[in-house]
Amino acid sequence: MRRNLAAGTAVILGAMIVLIGAVEAQNANRRVLFPTDAQFAASAEAQRLVREAQVFVGDDLEREYANMCTHTGPQRMALARQQAGLPPLENFVVEPTRIFDNMWFVGPAYQGAFVITTSDGLILLDTLNNTEEARDILVPSMEKAGLDPAQIKYIVLSHGHPGQTDHTGGANYLQRTYGARVAMGKPDWDATLPAQSPERPLAERDIDIVDGSTLTLGDTTLSFAISPGHSVGTLAMFIPVTWHGEAATVMLHGGAVQTPDRAAFNALERIVNDVAKPEGIRGLLNTHPGIYQDTLADMETIRANPEGPNPLLYGEEQAQRYWSMIVECARARVVALDQIGGASR
Ligand SMILES: [Zn+2]
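Residue numbers (numbering that gives the first Met the number 0): 0 to 344.
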């Protein structure tokens with residue numbers, strides 16, 4: 000009996016070791032993007048930086064602070080709900096929304112795209128998941144908004160992951176159908192093309208974006224920085240917009256300002272210090288609504304009162320504090336990550 004018990008224990012132990020081995024193998028392939036809540040809270044230096052970030056909050060950035068200064072930083076709505084133990088929200092196609100005079104949001108609530116109107120056609124930012132979504136959701140939404148998809152001259156993909164197509168999957172169809180040219184960060188082309196699956200082909204490689212690249216169509220010039228972290232070639236895009244005729248520039252950051260290592264953090268800090276602050280960038284966008292702000296509610300506000308103030312634009316002084324806060328919160332996360340042995344395990 001005793002022997003059987005011992006043998007049984009050995010079998011169970013062996014099974015556990017195999018299981019632990021499998022979990023470790025899985026973890027080795029997965030990049031750690033942020034510390035755990037407990038690791039973040041336990042880091043005195045991270046918490047000191049969080050308190051530094053609080054200085055910039057004032058009485059008008061409280062929601063943004065709550066969103067930015069956590070162990071994960073901003074997250075996709077679906078992920079954040081999952082981690083909070085909340086049921087997923089029902090996905091739906093958002094009413095196309097003219098978020099600025101020259102920029103529209105089109106697509107589903109969890110994953111959309113932006114269309115920039117210029118004097119010489121359209122620039123599309125991101126393309127939804129796949130051919131079906133591009134054809135059956137993106138194109139009809141554009142048409143509903145009075146935007147002719149045949150006028151898409153450029154597609155800019157905010158980022159891509161090897162083997163995953165949530166931003167890039169529709170580009171192949173749009174490139175073939177409308178002859179649009181397709182741009183993505185050079186490192187992300189390099190990473191994603193070898194990993195594409197025949198069922199979900201990516202667009203043909205066309206324009207490589209590098210740090211400092213610009214793209215001009217008609218009267219509109221976008222400029223770009225590479226801001227790695229969420230993917231190796233995630234783009235930060237600087238987009239000139241107007242609201243009721245008043246000019247402003249906003250940033251689209253494709254990767255939720257994730258900085259899982261020093262290099263990614265340094266890139267973000269440089270983008271903020273060299274571009275966002277000196278050039279007075281007044282808003283931060285992502286094609287996943289809800290990452291940086293309650294975008295779905297903000298778009299409802301805009302649709303209900305298109306003559307009103309734009310909730311996606313910060314005031315000039317407020318924007319400066321916003322950027323400072325983002326950097327300190329990201330610095331806190333990378334410090335906590337350093338303390339647990341760095342980004343990749
Ligand atoms: Zn992504």
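We put the beta carbon where it would ideally sit given N, CA and C, even for glycine.
- The C-beta distance from G228 to P259 rounds to 6 Å, short enough to fall under 8 Å.
- The beta carbons of L284 and V249 sit closer together than 8 Å.
- Within the region 66-115, the complete alpha helix (DSSP H) segments at least 4 residues long are 76-82, listed from N- to C-terminus.
- Nearest to L216 by alpha-carbon distance, out of L123, A41, F99, R330, is L123.
- In terms of Cβ geometry, L312 and R281 form a close pair [threshold 8 Å].
- Taken from the Cβ of S226, every heavy atom of ligand 1 lies 7 Å or farther away.
- If you draw a 10 Å sphere on the C-beta of A170, you find 16 or more other C-beta atoms in it, and that means buried.
- Per DSSP, D297 is one residue of the alpha helix (DSSP H) stretching across 294-303.
- Each of T35, D59, T71, A149 was checked against the Cα of C328, and the nearest Cα belongs to T71.
- Taken from the Cβ of D165, at least one heavy atom of ligand 1 lies inside 7 Å.
- For ligand 1, no non-hydrogen atom lies closer than 7 Å to the CB of H243.
- L221 and R204 do not touch by the CB rule: their CB atoms are close to 19 Å apart, not below 8 Å.
- Looking at the DSSP output, T215 shares a beta bridge with T220.
- Rounded to whole angstroms, the Cβ separation of M298 and V93 is 7 Å, and the two are in contact under 8 Å.
- Burial state of H166 is buried, judged by a 10 Å Cβ sphere holding 16 or more other Cβ atoms.
- For A235, the enclosing beta strand (DSSP E) begins and ends at 234-242.
- Assigned with DSSP and collapsed to three states, L336 falls in helix.
- Counting along the chain, the unbroken beta strand (DSSP E) around I208 starts and ends at 206-208.
- In this structure, the straight-line span from the alpha carbon of A335 to that of Y64 is close to 18 Å.
- Here the region 177-186 makes contact with the region 205-214; the two share three or more CB pairs at distances below 8 Å.
- Close CB contacts of R261 within its chain, under the 8 Å cut and outside five residues either way in sequence, are with V333, D337 (chain order).
- Segment contact: the region 262-269 against the region 129-144, fewer than three CB-CB distances shorter than 8 Å; contact not assigned.
- Residues W322, V326 of the same chain have their beta carbon placed closer than 6 Å to that of V271, with the five preceding and five following residues left out of the count.
- Note on T126: 16 or more other CB atoms within 10 angstroms of its CB, so buried under the neighbour-count rule.
- Taken atom to atom, the span from the alpha-carbon of S157 to that of D58 is near 32 Å.
- Scanning its chain for C-beta atoms nearer than 8 Å, with the 5 sequence neighbours on each side dropped, one finds around P87 the residues A77, R80, Q81, in chain order.
- Under the three-state reduction of DSSP output, E278 falls in the coil class, being neither helix nor strand.
- Your pair V256 and A224 does not check out as a contact, with CB atoms roughly 12 Å apart and the cut at 8 Å.
- The C-alpha of G289 is placed about 9 Å away from the C-alpha of A296.
- When A246, I301, D147 are compared, the shortest CA-CA separation from G314 is found for A246.
- Note on P305: under 16 other CB atoms within 10 angstroms of its CB, so exposed under the neighbour-count rule.
- At the C-beta level, A202 and V231 stay beyond 8 Å of one another.
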